[in-house]
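Data block below; observations after.
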Amino acid sequence: MAGHPLGGVRVLELATGIAGPYLGKMFADAGADVVKIEHGAGDPMRGWSASGARADSDSALFRYLNTSKRSVVADIAGAPVADLAARADVIVIGDGLRCAAAGEPTAARIAELARSLHDAHPQAVVVAITPFGLTATGEDQEQPVTEFLLQALSGSTAGRGSPQGPPLAAGGRIGEWATGAYAAVVALAALRGARRDGIGDLVDVSMLDCMTVILGGLSVVGPTVMGTPPAAAGNPAASSRVPELPSIEPTQDGLVGFCTVTAQQFQDFLLLIDRPDLIADEDLARLPNRYARREEFLAAVHAWTTRHTTEEIIELAAALRIPASPIGSPRTVTGIDQFTAREVFIPNPRGGFFQPRTPYRFGQFRGRPPAPAPTLGEHTGTVAWPARTASAGASGPAGGTGPASDAGPAADAGPAGGRPLPLADLRVLDLTAFWAGPSATLLLGSLGADVIKVEGVSRPDGMRFSGGKPPSEENWWEWGVMFLATNPNKRGISLELTDPQALDVARRLIAASDVVIENFSPRVLPNLGLGWDTVRAANPAAVLTRMPAFGLDGPWRDRTGFAQTMEQASGMAWLTGTADGPPLIPRGACDPIAGLHAAFATLVALAERDRTGTGALVEATMVEAVLNVAAELTIEYTANGAELVRDGNRGPVGAPQGVYRCAGPDHWIAIAVTDDTAWERLRELLGRPDLAAGSDLAAENDLATAAGRRRAHDRIDAAIAAWAAPRDRDDAAAELTAAGVPAAPVVPAADLRTSPRHVTRGFFEPLHHPVVGEHPMPGVAFRLASHPGPLLRRAAPMFGQHDEEVYGGLLGLSAAEIQALRDRGLIAHRPAGV
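First residue of the sequence shown: 24, per the working numbering; consecutive thereafter.
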């Protein structure tokens, strides 16, 4: 492990489930020594299978999540764990979801352990992953909760599905995987700060907050900024459930996925299907109107798509630069040509199935060669971490400082007179746009990095023009709601990189930065004259992180890719939707998921830079990050021959599990019964003798078991629906949880700002924008003991807002030189053509 970027980093994993172990896997893949503490029968994931398949040994999902780790059986409160904790760099505890019902620690116990570990071992970074964060109180600390319920609370479920049907949760437990990736980024950043300062930290990660960021919360910004009334004030949430058209459509030999998020893409799509006559139909240009005319529109689409094969359609769409993809399924995803060409799927080191490889690479590093997941207690009594010396951390992996001479404004470093944020010694030159790249740099900026966002005069970030004011309004480009949500904590400058005269300025910016990050199509950066050779020549210590949609090589290299495309290709969409309908995209989750993995890869490369003194070109391929998060679909099929399928709101964790309509306009509750005891409590609450023990239905299906309840799911759903229909949504959820039944209201995104859990956590933070004014913005999903104050320190920048500050203060240009750049059109106060 010594030759790997995180070689020498010691991680003590006290976590079960998905989120914590996925964090551990990400560290192990980068070379860290991860020791997993288990007790009793071990992590319940050892026996978990989403398909119900039974294995003679550890489950395939456990073996994937715990690749390259060591297992020690010990009491968490015992001396062996205390000894390891005293020598650890990172301690991971939690996640308190499904396992809470199986006797694992509750969120309250996890919070207690996290604080005691932080107090007892101040040298370590302690990462606590809990459903609602360490600030949770009351029933939120004790009740078992599932991903399904957290999706309902995060604004995700309410916005998915059709207005005519119930809201739908995303399949595949995306939120748990995303939380693990999110926590891994913060943990590695906190480790960097600990190595710099000589003291650890307590990282508090809320799964609900993370899922709000990834799956549902950003859509609250539109109503907040634009003044649209929330759903509770009479604007039903169903209005946000407008499925994309076109999306996943039938072909002559299967299915194909489209993405037409821009007006140009939709017009080109109409050309693709031989219907240029519809371009003049302005009514179709708007998705709600298109959905209202869906029968007419889809008839035109399917008349063309069903005459062509999937492969033919994708080739034709690629020629028009319309994002299109085959639909990944358990049977097909490992055989998609881009993935086979890049050898994305590799054999599990213990054999028996295929798993995705590490989704990034730099230099000669392709991820640590995977070692088999440990058997239970395989390394008990054999782990002997040597004691740390006082100076060992300062020069170790993930420590050190970058070449930047100025870490940006003091306000970005930390509280006055307090400890700087973990990444306060880094500067990031941000060339990204839309959501995936900006989500990565937002997180790095929230951790203290000085992020300088660069926008072209002729081609600013396209998110400036999404969801805001019409062009007839003054400064309308400053009102893009997604731009406002994804670009706080950044300084913004303009620079027309398409003009060769700008190259000298760009090289000087690179020389003053630690990281350059971009998410252009692969051909763009070299065409601008800013390829890796240029970056390395300008700054040999710089890390250049590239985020291609599909990779820097392979047959899909130059294809356009958006989040929807990756959700379609990866198999993520396959698990979302009704059993009798087509797959549905989860609606954008892939962008921030890719951003999280790119941010982690960047920090890993910086750890290597600090060890060797040289920078690196990082390839953080977006779809490969998504394939890691969607791995269960592939693993179950290649290990057990089981094809996971979508089934509305039903799933493998809860039985019964679903959403049920309550009184009020589009008001719903979510219920997920995770064990037999909770079922008995629900049955008593419903007061239905036909569900009681001894009834014909109970005898026929054995309702005392999850398998029996799944067989009778339709009858049980009808009973729950009848109970919920006359009740107020929030009252019903409170009555259920008081009875010990896992339940939650389905919260529309527009209501998140007043949701009690988000208010208690302080998730939404007020930011003042010079044009838009002061509005609460979605925050971050973590808190640091070393920095308890707000982590959003500045609003998203106006176009070119910090030109004088950066070009003058950082590069040392005179006022006359800056004006000369402006006169040549290389920088500007406003985008061209507006």
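Quick reminder that beta carbons are idealized off the backbone N, C-alpha and C, glycines included. This one's a predicted model, so the numbers in the text were calculated from it and none came from an experiment.
Coarse secondary structure for residue i, derived from DSSP in three states
i	result
HIS62	coil
ALA159	coil
MET800	strand
THR568	strand
PHE281	strand
GLY416	Reliability of the predicted coordinates at GLY416 is poor, the pLDDT of 41 falling under 50, and the value obtained from them is presented with this limitation in mind. Note: GLY416 maps to helix in three-state DSSP.
VAL558	helix
GLY485	helix
ASP689	coil
GLY26	coil
ARG780	helix
GLU840	helix
ASP581	coil
PRO793	coil
ILE133	helix
VAL265	coil
GLN288	helix
THR760	helix
THR39	coil
GLY31	coil
THR405	coil
PRO712	helix
ARG121	Because the pLDDT at ARG121 is just 47, under 50, the model does not fix this residue reliably, and the value given afterwards should be weighed accordingly. The answer is helix: DSSP assigns ARG121 an H, G or I state.
PHE376	coil
GLY425	Residue confidence for GLY425 is low, a pLDDT of 45 falling below 50, so the modelled location carries little weight and cannot support an answer.
First through last residue of the alpha helix (DSSP H) which encompasses residue i
i	result
LYS48	42-52
SER185	First-last for SER185: undefined, no H or E at that position.
SER177	Element bounds for SER177: n/a, residue is neither H nor E.
THR464	459-469
ASP220	197-220
VAL108	The question names Val, but residue 108 is Ala in the sequence shown. Unbroken alpha helix (DSSP H) run through ALA108: 102-110.
ILE237	Premise fails: ILE237 is in no alpha helix (DSSP H) and is neither H nor E.
Exposure of residue i, with buried meaning 16 or more beta-carbon neighbours within 10 Å
i	result
GLN524	exposed
CYS613	buried
PRO779	exposed
ASN512	buried
GLU496	exposed
GLY195	buried
ASP448	buried
ARG264	buried
ASP112	buried
PRO549	exposed
THR700	exposed
GLN361	buried
HIS810	buried
Beta strand (DSSP E) segment containing residue i, residue limits
i	result
SER878	Because the chain spans 24 through 857 in this model, residue 878 falls outside it and cannot be assessed.
GLU659	Looking at the DSSP string, GLU659 is not in any beta strand (DSSP E); the run it does join, the alpha helix (DSSP H), is 654-663.
PRO383	What sits at residue 383 in the sequence shown is Tyr, not Pro. Taken as a continuous stretch (DSSP letters only), the beta strand (DSSP E) holding TYR383 covers 383-385.
GLY681	680-684
SER94	92-96
GLY117	113-117
GLU272	271-273
Proximity of residue i and residue j at Cβ, strictly below 7 Å
i	j	result
GLY677	THR697	yes
ALA459	ASN510	no
ILE861	ALA756	Absent from the structure is residue 861, since the part of the chain shown begins at 24 and ends at 857.
GLY240	GLY198	no
LEU626	TRP555	no
ILE133	GLY43	no
ALA147	ILE114	yes
GLY479	GLU519	yes
GLY503	SER489	yes
ASP297	THR333	no
LEU157	ALA767	no
VAL95	THR403	yes
Chain D within 7 Å of residue i, Cβ atoms only
i	result
GLY796	The chain labelled as chain D is not found in the depicted structure, where only one protein chain is given.
*Hey, which unbroken runs of the beta strand (DSSP E) at 3 residues or more fall wholly within the segment 295-362?*
Uninterrupted beta strand (DSSP E) stretches at least 3 residues long and entirely within the segment 295-362 occur at 347-349, given in chain order.
*Which runs of the alpha helix (DSSP H) spanning at least 4 residues fall entirely within the segment 606-649, listed in chain order?*
Along the length of the segment 606-649, whole alpha helix (DSSP H) runs at least 4 residues long occupy 613-635, reported in chain order.
*For the segment 475-557, list the alpha helix (DSSP H) runs that are entirely contained and at least 4 residues long, ordered along the chain.*
You should have 504-509, 526-534 and 547-550.
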